[in-house]
Amino acid sequence: MMNILLPTDFSDNSWNAINYATDFLKNKACNFYILNVNSLENVFVGDYSYNPTPEILGEINIEQSKPKLKELIKRISQDIKPNKKHKFYSLSDYSYFLESIRKHVNEKNIDMIIMGTKGASGLKKCIIGSNAGDVITKVKCTTLIVPENAKYSNLKEIAYPTDLTLTYPLNILEPFTDILNSVNANLRIVHINDSNASLSPEQHSKKDLLNDYFEDFKPSFHFLTNKKVENAIQCFVESRDIDMIAMVAKNLNYFQSILFHSKVEKITYHTRIPFLVLHE
Numbered sequence: 021m022m023n024i025l026l027p028t029d030f031s032d033n034s035w036n037a038i039n040y041a042t043d044f045l046k047n048k049a050c051n052f053y054i055l056n057v058n059s060l061e062n063v064f065v066g067d068y069s070y071n072p073t074p075e076i077l078g079e080i081n082i083e084q085s086k087p088k089l090k091e092l093i094k095r096i097s098q099d100i101k102p103n104k105k106h107k108f109y110s111l112s113d114y115s116y117f118l119e120s121i122r123k124h125v126n127e128k129n130i131d132m133i134i135m136g137t138k139g140a141s142g143l144k145k146c147i148i149g150s151n152a153g154d155v156i157t158k159v160k161c162t163t164l165i166v167p168e169n170a171k172y173s174n175l176k177e178i179a180y181p182t183d184l185t186l187t188y189p190l191n192i193l194e195p196f197t198d199i200l201n202s203v204n205a206n207l208r209i210v211h212i213n214d215s216n217a218s219l220s221p222e223q224h225s226k227k228d229l230l231n232d233y234f235e236d237f238k239p240s241f242h243f244l245t246n247k248k249v250e251n252a253i254q255c256f257v258e259s260r261d262i263d264m265i266a267m268v269a270k271n272l273n274y275f276q277s278i279l280f281h282s283k284v285e286k287i288t289y290h291t292r293i294p295f296l297v298l299h300e
């Protein structure tokens, strides 16, 4: 039985993530914990004659979110019609967002966080929104980020970008191999260099190690040359019709370039391709 955490703010993006999660894990027995966090970051203390204590504010906010969570569970049963392998539980919290996520990951033995994102707007545009960005960089739990236009279909092509340094233990990849075992997808391991330089002896060694590790899935290796990692990924996603991108959070060179650059207008995959982020 897998334990899945589904953070929700009752937006269309979080609803889309719930839809994606139930389709993605349709063949798995799962406990889905739907969490709404009334975040302390958003508390505004005005000049009022009565200022309730944090404890009272917490009780008020939690009581307000409970009916919404109840309606959400009802909507899931009516619109998604989940299979018998899936059970849903509602959680309401009044805390700092990341503290709440970490607490429930530990208390509920969460195997994966699945959350929606639309990305930030305005001058400081990013591929993903701030909450999703905080979760995948600061919470050590496998996380699937579901963009606003992502719709689940049987996974056929999965890209795994790597700089072939492998500064992480291979057991980080176990959640990824579990997914590969449950789908019939081609695994495309992608290395991007900013010049035509050959692989170093160490990179050749890491390539062989990855090839051995993923041997059962018959991976193909793709070596691209581009000064900008995000542009290379964009071209690869389009040419191969990629359905999911999997990355290791510790692989910072690729991780930062793909998810945290600002030129959103030049990138289209961020609105429809889910990102699987793996942690130690």
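Each residue of the sequence shown is one higher than the last, beginning at 21 in the numbering used here.
Even for Gly, the Cβ is constructed at its ideal location relative to N, Cα and C.
> Helix, strand or coil for H242 per DSSP?
Replying inline: Reading the sequence shown from its first residue, position 222 is the one you call residue 242. Strand at H242.
> In or out: D99 buried (at least 16 other Cβ within 10 Å) or exposed?
Replying inline: In the sequence shown, residue 99 corresponds to position 79, counting from 1. Burial is judged here by how many other beta carbons sit within 10 angstroms of a residue's own beta carbon; D99 has fewer than 16 and is exposed.
> Quick one, which of A179, P189, T185 and K226 has its alpha-carbon nearest L207's?
Replying inline: Stepping through the sequence shown from its first residue, residue 207 is reached at position 187. The residue with the shortest Cα to Cα distance from L207 is A179.
> Buried or exposed: where does T187 fall if 16 or more other Cβ atoms within 10 Å of its Cβ makes it buried?
Replying inline: As a first step, residue 187 is located in the sequence shown; it is residue number 167 there, counting from the start. Exposure of T187 is indicated by the presence of fewer than 16 other C-beta atoms within 10 angstroms of its C-beta.
> For the alpha helix (DSSP H) that P195 lies in, which residues bound it at each end?
Replying inline: Here residue 195 refers to the residue found at position 175 when the sequence shown is read from its first residue. Element bounds for P195: E194 to S202.
> Candidates L244, D232, L164 and H242: which alpha carbon is nearest F44's?
Replying inline: The count along the sequence shown starts at 1 and reaches residue 44 at position 24. Here the closest residue by C-alpha is L164.
> With distances taken from CA atoms, which of W35, K86 and L298 is nearest N169?
Replying inline: On the sequence shown, residue 169 is found 149 positions in, with the first residue counted as 1. Residue W35 is the option with its Cα nearest to N169.
>> Just to confirm before moving on: does the CB-CB distance between L161 and V210 stay below 8 Å?
In response: Position 141 of the sequence shown, counting from 1, holds the residue named residue 161. Position 190 of the sequence shown, counting from 1, holds the residue named residue 210. Rather than Leu, the amino acid found at residue 161 in this sequence is Cys. Contact annotation: C161 and V210 have beta-carbon atoms that are not nearer than 8 Å.
> Going along the chain, which residues of its own chain have a beta-carbon closer than 8 Å to the beta-carbon of I24, five neighbours each way excluded?
Replying inline: For this step, residue 24 is matched to residue 4 along the sequence shown. These residues qualify, in order along the chain: A41, L45, C50, N51, F52, Y53, I130, D131, M132, I133 and I134.
> Of the residues L55, H299, N56 and T28, which one's Cα is nearest the Cα of P189?
Replying inline: Here residue 189 is taken as the residue at index 169 of the sequence shown, counted from 1. When L55, H299, N56 and T28 are compared, the shortest CA-CA separation from P189 is found for H299.
> With DSSP run on the structure shown, which of helix, strand or coil describes C50?
Replying inline: Translated into positions along the sequence shown, residue 50 becomes position 30. Under the three-state reduction of DSSP output, C50 falls in the strand class.
> Can you tell me whether M21 is buried or exposed, with buried defined as 16 or more other CB within 10 angstroms of its CB?
Replying inline: Locating residue 21 in the sequence shown gives position 1, where the first residue counts as 1. Exposed, by the Cβ-count rule.
>> For a minimum of 3 consecutive residues, which ranges assigned as the beta strand (DSSP E) are wholly contained in the segment 147–227?
In response: Within the segment 147–227, the beta strand (DSSP E) runs of at least 3 residues that lie entirely inside it are, in chain order, 163–167, 177–181 and 206–213.
> How close, in whole Å, do the beta carbons of V166 and P87 come, if the pair is a contact with beta carbons under 8 Å?
Replying inline: Along the sequence shown, read from residue 1 onward, the residue named residue 166 stands at position 146. Along the sequence shown, read from residue 1 onward, the residue named residue 87 stands at position 67. Not really, about 25 Å apart at Cβ, beyond 8 Å.
>> Looking only at its chain, what residues have a beta carbon closer than 8 Å to the beta carbon of F30, apart from the 5 residues adjacent to it on each side?
In response: Taking the first residue of the sequence shown as 1, we reach residue 30 at position 10. Around F30: N56, K88 and L92.
>> Determine whether the beta carbon atoms of D198 and K247 lie at a separation below 8 Å.
In response: Taking the sequence shown and counting its residues from 1, one reaches residue 198 at position 178. Taking the sequence shown and counting its residues from 1, one reaches residue 247 at position 227. Using a Cβ distance threshold of 8 Å, D198 and K247 do not count as a contacting pair.
> For the alpha helix (DSSP H) that contains K123, what are its first and last residues?
Replying inline: Reading the sequence shown from its first residue, position 103 is the one you call residue 123. It spans F117 to E127 - the alpha helix (DSSP H) in which K123 sits, taken as one unbroken run.
> Nearest CA to the CA of D263: which residue from K90, I253, K270 and D32?
Replying inline: For the purposes of this step, residue 263 is taken as residue 243 along the sequence shown, with counting starting at 1. Out of K90, I253, K270 and D32, I253 has the C-alpha closest to the C-alpha of D263.
>> Can you look up I253 in the DSSP assignment and give me helix, strand or coil?
In response: On the sequence shown, position 233 is the one that residue 253 refers to. Collapsing the DSSP output to three states places I253 in a helix.
> Taking Cβ to Cβ, would you say I156 is nearer than 8 Å to A269?
Replying inline: Walking along the sequence shown from the start, residue 156 turns up at place 136. Walking along the sequence shown from the start, residue 269 turns up at place 249. Yes, these two residues count as a Cβ contact at 8 Å.
> What is the DSSP secondary structure of S97, reduced to helix, strand or coil?
Replying inline: To locate residue 97, count along the sequence shown from 1; it is residue 77. Correct three-state label for S97: helix.
>> On the criterion of 16 or more Cβ atoms from any shown chain inside 10 Å, does L296 qualify as buried, or is it exposed?
In response: Taking the sequence shown and counting its residues from 1, the one referred to as residue 296 is at position 276. The Cβ neighbour count for L296, taken over all protein chains shown within 10 Å, is at least 16; the residue is labelled buried.
> According to DSSP, what are the bridge partners of K107?
Replying inline: In the sequence shown, counting from the first residue as 1, residue 107 sits at position 87. According to DSSP, which records beta bridges pairwise, K107 is partnered with N51.
>> Considering only the alpha carbon of each residue, which of S218, N251 and L175 lies closest to P181?
In response: Position 161 of the sequence shown, counted from the first residue, corresponds to residue 181. With distances taken between Cα atoms, P181 lies closest to N251.
> Whole-angstrom Cβ separation of A205 and L175, contact assumed at under 8 Å?
Replying inline: If you number the sequence shown from 1, residue 205 lands on position 185. If you number the sequence shown from 1, residue 175 lands on position 155. At roughly 4 Å, the Cβ-Cβ gap stays under 8 Å, so A205 and L175 are in contact.
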